[in-house]
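Residue numbers (this note's numbering): 7 to 75.
1. Closer than 8 Å by C-beta to residue 55: which residues in its own chain qualify, once you throw out the five before and the five after it? Chain order, please.
2. Between which two residues does the alpha helix (DSSP H) containing residue 23 stretch?
3. Whose C-beta lies closer than 8 Å to the C-beta of residue 42 among residues of the same chain, with five residues either side of it excluded?
4. Among 63, 26 and 31, which residue has its Cα nearest to the Cα of residue 50?
5. Nearest to residue 76 by alpha carbon, out of 28, 22 and 15?
This is the structure in structure tokens:
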């Protein structure tokens, strides 16, 4: 997910747990844009929490099953 998204430093995704965590550069990409990319890949996604941890922006998302558009 979000492979090649400029500004995303790291992505951890667990489809079984329906959660994803992204570390990103907030001056390059926003949490809302990350959510939109996931939706464009065919998954449902919603923001659970975002903030700054250890000088890096991070976002926790709920990721739902794959769906077709």
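A virtual CB, placed ideally from N, CA and C, is assigned to each residue, including glycine.
Predicted model, so just to flag it, every value in this text is computed and none were measured.
Reading from the atomic positions:
1. To locate residue 55, count along the chain shown from 1; it is residue 49. Hits under 8 Å: 65 and 66.
2. For the purposes of this step, residue 23 is identified with residue 17 of the chain shown, where counting begins at 1. Unbroken run through residue 23: none, as it is neither H nor E.
3. Looking up residue 42 in the chain shown gives position 36. Around residue 42: no qualifying Cβ.
4. If you number the chain shown from 1, residue 50 lands on position 44. Nearest option by C-alpha distance: 26.
5. Past the edges of the chain, shown from 7 to 75, lies residue 76, and the structure says nothing about it.
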